Amino acid sequence: GIPCTVEGGRTFFGRDEVRLCLAALRALEEPADSEAVVTVLRGLFGLSPDALVRHKAAGGTWRYTIPERPSDAIGQAFEVLARLHRARLRLGWVATLDALLETTRAPAVWALGRRGAGALANVEKLRALIRAQAALVHAPGEVVEALRELAYHDDDQDLSLLDVDAEAVRVTSLFKAKGLEAPIVALLHSNRTCLAQEPLVNREKGQVAVRISKRAAPPGWEELASEDKLAVAEEQRRFMYVA
C-alpha cells in the first residue's frame, strides 16, 4: 500500500499505461493499424471484448476514418480518434495524447490502482521521451517510429521522473541514486562481506520480508522462509509436470 516509483530497469515500455499510450500514438498516426486501434478501444475507451466481437461479426471495420460510423460506443470512439487524427499535426503529439487521455479519463483509472503514482509518473516520462524524439526528427510519423524502436530495444533511457516531489518511495539502484540527495536513503546489501538474503515475497498475503542479518530479521521470518521454500518446490513441480 506504499506509493512508489521505479527508476531505471528494463520494464518501462512494458507497463500497461505506457503500452497503451504508444498504441494510441500508432493508431492516431495510421488509421489502418487495426491492432493499435483495437488496443486503444479496449484499453483506453474501456470497451468490452463482447462489444468488439459483435462489431466485427456484424461486418464492422477498425478503420475509424470511414465516413459512416456505427451509432454505438465504438462509433463515438471512432469520432474521437478521427478528430484527433486530423488535429495531430497542428497540436503536436504530446497535446494530442493529452487530449485523448482527457477524453477517455484513463489516467483517473490508473491513479486509483496500486501503482497509481508510478503509472502517472510513467506517462509523464513518456511525454518527456516524445518531446525529446520530436526535437530529433523532421516529421510526426518519425516520432512514432522512433518510439517504436525504443520500445523494441527497450534500452530505457535514464530520464528522471518529473514528479520528484511526489509523496512516493523512489526505488532505484545504488549507482542511479548518486546525486539524488534524498533526505532518507535505505541501503540493502550495503556490506559486501555480509550480504543479506534475497527478499521473500508472498504474493497471496501481499507481504515482502528482507532479513538484513541473522540478528536483524522481521517477525515470523522462519515461517515465511518455510512457506517460500514450499512455494518454490511447488512451482518447480508444476514446471516439471508441464515439461
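Residue 330 is where the sequence shown starts when you use the working numbering, and the numbers rise one by one after that. Glycine included, every Cβ here is placed at the ideal spot set by N, Cα and C. Note that the structure is a prediction, hence the values are computed from the model and not measured.
(message) Taking the beta strand (DSSP E) that Val452 belongs to, which residues open and close that run?
(response) From DSSP, Val452 is part of no beta strand (DSSP E) but of the alpha helix (DSSP H) over Gly445 to Ala463.
(request) Return the bridge partner residues of Val530 from the DSSP annotation. (result) Val537
(request) Could you name the residues of the same chain whose beta carbon sits closer than 6 Å to that of Ser555, not counting the 5 residues immediately before and after it, in chain order? (result) none
(request) Evaluate Glu358 with the Cβ neighbour count: other Cβ atoms within 10 Å of its Cβ, from every protein chain shown; 16 or more gives buried, anything less gives exposed. (result) buried
(request) Specify, as a first and last residue, the run of the alpha helix (DSSP H) that Val466 falls within. (result) That residue, Val466, is in no alpha helix (DSSP H); it is neither H nor E in DSSP.
(request) Check Ser489 in the structure and name its three-state DSSP category. (result) Low confidence applies here, because Ser489 scores a pLDDT of 47, under 50, leaving its location unreliable; read the following figure in that light. Looking at Ser489 - three-state DSSP - the assignment turns out to be coil, as it is neither helix nor strand.
(request) Give the secondary structure of Ala546 by DSSP, where H, G and I count as helix, E and B as strand, and everything else as coil. (result) coil
(request) With a threshold of 16 other CB atoms inside 10 Å of the CB of Ile403, please say whether the residue is buried or exposed. (result) Buried is the call here.
(message) For a test of your reading of the model: does the CB of Ala365 fall under 6 Å from any non-hydrogen atom of the ligand ADP? Yes or no.
(response) Among the ligands in the structure shown, none appear at all, so the ligand ADP cannot be discussed.
(request) Using a threshold of 7 Å, state whether the C-beta atoms of Ala380 and Val369 are closer than that. (result) No, they are not a contact pair.
(message) What does DSSP give as the partner residue(s) for Cys333 in the beta ladder?
(response) Val498
(request) Would you kindly work out how many angstroms separate the C-alpha atoms of Thr394 and Arg355, rounded to a whole number? (result) 14 Å
(message) As an exercise, report each continuous alpha helix (DSSP H) stretch of at least 4 residues that is fully enclosed by the segment 380-420, in chain order.
(response) Entirely contained in the segment 380-420, the alpha helix (DSSP H) runs reaching 4 residues are, in chain order, 402-420.
(request) Check whether the Cβ atoms of Leu349 and Gly375 lie closer than 7 Å to each other. (result) no
(message) Just to check my reading of the structure: Pro469 and Arg540 have Cβ atoms closer than 8 Å, yes? What is that Cβ distance to the nearest angstrom?
(response) Not a contact, Cβ separation roughly 52 Å.
(request) Verify whether the separation of the beta carbon atoms of Val466 and Val473 is less than 7 Å. (result) no
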